[in-house]
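Asks: The structure that follows is given in the form of structure tokens.
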Amino acid sequence: MSQLKQTLSDNIKVSMKARELERVKVLRNVQSVVKQIEIDRQTELDDAQVLEVLQKQLKQRQESLTIFTENGRDDLATKEQFEIDIINEFMPQQMNQDEIMALVNAEITEQGATSMRDMGSVMGVLKNKTAGRADPALISKMVKDALQG
59 MSQLKQTLSD NIKVSMKARE LERVKVLRNV QSVVKQIEID RQTELDDAQV
109 LEVLQKQLKQ RQESLTIFTE NGRDDLATKE QFEIDIINEF MPQQMNQDEI
159 MALVNAEITE QGATSMRDMG SVMGVLKNKT AGRADPALIS KMVKDALQG
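Read left to right, the sequence shown gives residues 59 to 207 (the numbering used here).
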């Protein structure tokens, strides 16, 4: 079992003992998504794959949070924020923009990338280097800006 899945399972047990029912609901929901993907793929997910699932769960909740906030549904927005906070506990420390830009510049230099045609190869490497620690959309924007001059 991957370390991240074990941590998730352990957190569910601790939350159940502490009678934190809302927290248990969120953690079980995430755990069930991971298990469903394992059943669909007929394979056990490793930490990197579990991290991808967590990122997708975060992104869904952040999109919902934005919609609820824009429509004045503070009750639902509060619930989404609670879930985001819990899922974030399992995410690695996020990189700041300076760290991301340094990685982008280093990878562009290393590959000798000069045009937008090289963006795919640069993004492929950076996606692996920053898995779970940076927003791919932000990385993409930085790579695009750097390659366009």
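Idealized CB from N, CA, C, for every residue including glycine.
1. Looking at C-beta atoms only, is the number of pairs between the segment 109 to 125 and the segment 144 to 154 that lie closer than 8 angstroms three or more?
2. Taking Cβ positions, are M159 and L205 nearer each other than 7 angstroms?
3. Taking the alpha-carbon of N117 as reference, which of M200, K185 and E138 has the nearest alpha-carbon?
4. Starting from the Cα of Q64, find the closest Cα among L79, V92, Q100 and E78 and give me that residue.
5. CA-CA distance, L85 and I166?
6. CA-CA distance, A164 and I144?
7. Please classify A171 as buried or exposed, where buried requires at least 16 neighbouring CB atoms within 10 angstroms.
Replies: Judging by the given coordinates:
1. yes
2. no
3. Contrary to the premise, residue 117 reads as Lys rather than Asn in this sequence. Of M200, K185 and E138, the residue nearest in Cα terms is E138.
4. V92
5. 39 angstroms
6. 33 angstroms
7. buried
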